[in-house]
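Protein chains: 2
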Amino acid sequence: MLDAVLAEKIKASVTAGFAEQIAYTQELVRFPSTRGNEHAIQDFVFQTFRARGFAMERFDMDREALARHPGAGRFSDAHSTAPLVVGIHRPRAEVGRSLILQAHVDVVPPGPSDMWTHPPFDPVIVGDWLYGRGGCDMKAGHAANLYALDALRRIGLQPAATVYLQSVVEEESTGNGALMTHLRGYRAEAALIPEPENEKLVRANVGVLWFQVEVRGHPTHVSAMGAGANAIDAAYRLIGALRRLEAQWNEEKAERPHFRDEAHPINLNVGRIEGGDWASSVPAWCRVDFRISIYPGVDAASAAQQVENAIAAFSRNDGFLANNPPRVTFNGFFAEGYALTEGSEAERRLGEAHRLAFGKPLETFVTPAYLDARVYALYDKIPALCYGPLGHDLHGYDERVSLKSVEKVTQAIALFIADWCAVEPLGS
Amino acid sequence: MLDAVLAEKIKASVTAGFAEQIAYTQELVRFPSTRGNEHAIQDFVFQTFRARGFAMERFDMDREALARHPGAGRFSDAHSTAPLVVGIHRPRAEVGRSLILQAHVDVVPPGPSDMWTHPPFDPVIVGDWLYGRGGCDMKAGHAANLYALDALRRIGLQPAATVYLQSVVEEESTGNGALMTHLRGYRAEAALIPEPENEKLVRANVGVLWFQVEVRGHPTHVSAMGAGANAIDAAYRLIGALRRLEAQWNEEKAERPHFRDEAHPINLNVGRIEGGDWASSVPAWCRVDFRISIYPGVDAASAAQQVENAIAAFSRNDGFLANNPPRVTFNGFFAEGYALTEGSEAERRLGEAHRLAFGKPLETFVTPAYLDARVYALYDKIPALCYGPLGHDLHGYDERVSLKSVEKVTQAIALFIADWCAVEPLGS
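Taken in sequence, the protein lines are chains Y and Z. When we follow my numbering, the leftmost residue of the first sequence carries the number 1, and every step to the right adds one. When we follow my numbering, the leftmost residue of the second sequence carries the number 1001, and every step to the right adds one.
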């Protein structure tokens, strides 16, 4: 447990650097780093980390290695080619426990700009809220990792154990960025990812599959349309069939230890649809992008098989689809969920750090969303701590993060680092 | 009635020029003249008509004049700016009856190229079939108008009355091209439009409305999705409400003289859909392009009001839509249907020409599709003869037209011109 005087010094140091931390977070938000467009921000992060004195590595996705791994998301044309960036802190003496501090720079699309109060990549601050696509999810956390280490440095300290500061991509679509750091060989005794978890620790999360279903048929002039020959209608019938699979999976929640109390743990999202060419032509094609979640412990491949089976079974009995079997493509996440085993030393120490920053115990919860933490939990088999600030409307319009919350979370992270890794005087 | 010897000479002359007519039709098909992209083909048509010696006019849409006309389609950003082209034949002596020969050059989108056996704008001939987007609808008819006049010229004859050879755009989206020729002041005693009507004459057709419905809402991360907050789902519920309006209009067919024997005269087409940005974001927007037909005699404005009322009434009782009223935009056809009055001299003469070409009587039928003939029937109040060759899959893939049918239809058109306009020796 940290010395109380040191703890106060660390908290004060975070506060002293917080104006700079906000400005840096705003710089990150200004990069429109949607999928595939993270090259510039990763170069900026690389230069920033290098200027701090970290040993640097920068590497590409190894497609072949990923393709051999059961937890890799499927490649598509949209897959990012931006590099992964890792800053390495090596202490003079390895006294404490090693740590991975991870964050992703990719953000989901902003959607139509006119639905935003401020332009999506303009990091406007109103009261306690920092607005902008990706500010909450998770550039505030990305900056918090760096500024927690800065806070130690400001008072002449550094971790007395190896720390890997990882900046990844593809968190919003495949999870291949995090998985690539694993395949590259980085290992530590715990990992912390400051995703916007409303100041709580994630106990368990779901896995996620992405897939696209394409329906094609024989189009005609609208004057010759017959019932059932419309690909948009057929796609909607298929959505119904998949909602029945979703309902069936939700019924299984009683058997799932972490999710039995959740109202609706399994969500099927019809995220994107596009079909047809012309108001007066019967649409002959329709593509729908789906995202469905799976319980931790469920194998992604067997869940994918269930999805394919449900689509095939429905199509066999549908007049239009029987003759035009839909094409199913898994084109993103192919990821299992994870649970954070209770009682780990890492969780205990983070709980203590949180109490020192917030003055109250750390709560845990389960979340029906994908998290990169699954890589560290499932494949490194280490405590993977997903814990971060309060925010609203991530993936929505007017996404925003609470600056007060970011400050306290940064304090908690700095306190956790100092406790978990131990500290030594600055220098190399 | 035409002299039998002259009739045989005209038929033989069409046949003599038919290889050239096919080649010219293929040239027309090579232009990818989708909406807005008809500039090049209209210039080609202008040069072709001018080379034949027609007096030429070429003019733009008069947006203000169109906006004042109740039958004009609504302008949108997609509206064509290509010119209208008219070739004018003036006889030495106005002995016969004047005639408008009209055809459109715009074609509907080809859709995904890989669904075509041959590239959509490659006019491949296999057996009796000429393939290609727009070959059937209606570049074959466009060429037939010109080559029917050429057939007379080949035997030293020309119409003994004014003939307007009109080449228009926007037939597939607003009907504003045909309406613009009316607003420009062209008038004749009959109009013939060789749309692909399977060698029959159109007795009546429907009017058509185009509209787009946009649903918008408040998006969230998929982990926070609640039932009903998905704009794609909401759009599908709205489609259901509009299908109930379609069913109600179909029930009224008993009161509609020309359509009471049609199984399904009123078709609502869900032609195009697009919504959402990302598989893992709950979609906050969805746009759907609709086309619905109305009975001849039904006012377009009152039908549009019924559409708006149906959407508003449904939305008031829908949890999501009540707070996010859909936006309805009429963005194309705003056209009434027409009926060709039985017993006209023009119909009788076309029937006779058809019998001479095909050896059998001309049949009539009603069609649930928009036709430019409505402009001449409703606003010029003249017999508007919509009659043309056999084809398949217009608006679909592998659109094709029967060359044998085109040849006979061209004979019928040439015979009709010679009879309706009378003929005089070539010259001016």
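Yeah, the Cβ is synthetic: ideal placement off N, Cα and C, and Gly gets one too.
Under the 8 Å criterion on CB atoms, Pro-296 (chain Y) is classed as non-interfacial with respect to chain Z.
Secondary-structure assignment with DSSP links Ser-402 (chain Y) through a beta bridge to Y:Trp-129.
In this structure, the beta-carbon distance from Ala-1300 (chain Z) to Glu-1336 (chain Z) falls below 8 Å.
Check the Cα spacing between Arg-97 (chain Y) and each of Y:Asp-398, Y:Pro-196, Y:Ala-161 and Y:Arg-154: the tightest is with Y:Ala-161. In the three-state reduction of the DSSP assignment, Phe-1121 (chain Z) falls in the coil class. When secondary structure is reduced to three states using DSSP, Thr-410 (chain Y) falls in the helix class. Assigned with DSSP and collapsed to three states, His-89 (chain Y) falls in strand.
In this chain, the beta strand (DSSP E) harbouring Tyr-1164 (chain Z) covers 1163-1168. Taking C-beta separations shorter than 6 Å and ignoring five residues to either side along the sequence, the partners of Asp-60 (chain Y) in its chain run Pro-83, following chain order. Not a single CB atom of chain Y sits nearer than 8 Å to the CB of Ile-1266 (chain Z).
Cβ atoms of Val-1206 (chain Z) and Ser-1293 (chain Z) come within 8 Å of each other, at about 4 Å. Pro-1120 (chain Z) is positioned such that its CB atom lies no closer than 8 Å to that of Trp-285 (chain Y).
For the segment 26-43 of chain Y, there are no residues whose beta carbon sits under 7 Å from a beta carbon of chain Z.
When Z:Ala-1072, Z:Ile-1232, Z:Val-1045 and Z:Leu-1356 are compared, the shortest CA-CA separation from Asp-289 (chain Y) is found for Z:Ile-1232. The beta-carbon separation of Leu-1146 (chain Z) and His-1069 (chain Z), rounded to 29 Å, does not stay under the 8 Å limit for a contact.
Scanning its chain for C-beta atoms nearer than 7 Å, with the 5 sequence neighbours on each side dropped, one finds around Tyr-1376 (chain Z) the residues Ile-1100, Ala-1191, Ile-1382 and Ala-1384, in chain order.
Look at the segment 1278-1341 of chain Z and you find these whole runs of beta strand (DSSP E), each 3 residues long or longer: 1285-1294 and 1327-1335.
For the segment 1278-1296 of chain Z, the set of residues with a beta-carbon nearer than 9 Å to any beta-carbon of chain Y comprises Trp-1278, Ala-1279, Ser-1280, Ser-1281, Val-1282, Pro-1283, Ala-1284, Trp-1285, Cys-1286, Val-1288, Asp-1289, Phe-1290, Arg-1291 and Ser-1293, in chain order.
Contact of Gly-332 (chain Y) with chain Z is assigned, a C-beta pair being separated by under 8 Å. Ala-1346 (chain Z) places its beta carbon 8 Å or farther from that of Lys-1408 (chain Z). Taking 8 Å as the CB threshold, Trp-1129 (chain Z) stays off the interface with chain Y. Residue pairing of Thr-1364 (chain Z) in beta bridges, as defined by DSSP: Z:Leu-1201. In this structure, the CA atom of Phe-211 (chain Y) is about 18 Å from the CA atom of Leu-321 (chain Y). Across the set Z:Ala-1019, Z:Lys-1009, Z:Gly-1135 and Z:Ala-1012, the C-alpha of Z:Gly-1135 shows the shortest separation from the C-alpha of Leu-1028 (chain Z). Following the DSSP letters along the chain, one finds Leu-268 (chain Y) in no alpha helix (DSSP H) but inside the beta strand (DSSP E) bounded by residues 268-275. Not a single CB atom of chain Y sits nearer than 8 Å to the CB of His-1258 (chain Z). When the five nearest sequence neighbours on each side are left out, the beta carbons in the same chain lying within less than 6 Å of the beta carbon of Gln-1026 (chain Z) are those of Pro-1123, in order along the chain.
Residue environment: Ser-13 (chain Y) is assigned as buried (16 or more neighbouring CB atoms within 10 Å of its CB, all protein chains considered). Within chain Y, no residue has its beta carbon less than 7 Å from that of Asp-1261 (chain Z); the closest one is some 16 Å off. The bridge partners DSSP lists for Arg-58 (chain Y) are Y:Val-85. At a Cβ-Cβ threshold of 8 Å, Leu-1179 (chain Z) and Phe-1330 (chain Z) do not count as neighbours.
Glu-1424 (chain Z) carries a strand assignment under DSSP once its states are collapsed to helix, strand and coil. Below the 8 Å Cβ cutoff, chain Y contributes Asp-277, Trp-278, Ser-280 and Ser-281 as neighbours of Val-1108 (chain Z), in chain order. In the DSSP assignment, Val-45 (chain Y) falls within the unbroken alpha helix (DSSP H) covering 39-51. Nearest in C-alpha terms to Arg-35 (chain Y), of all of Z:Phe-1334, Z:Gly-1297, Z:Asp-1277 and Z:Ala-1304, is Z:Asp-1277.
Closest option to Gly-1271 (chain Z), judged by alpha-carbon separation, among Z:Asp-1380, Z:Ile-1193 and Z:Gly-1396: Z:Gly-1396.
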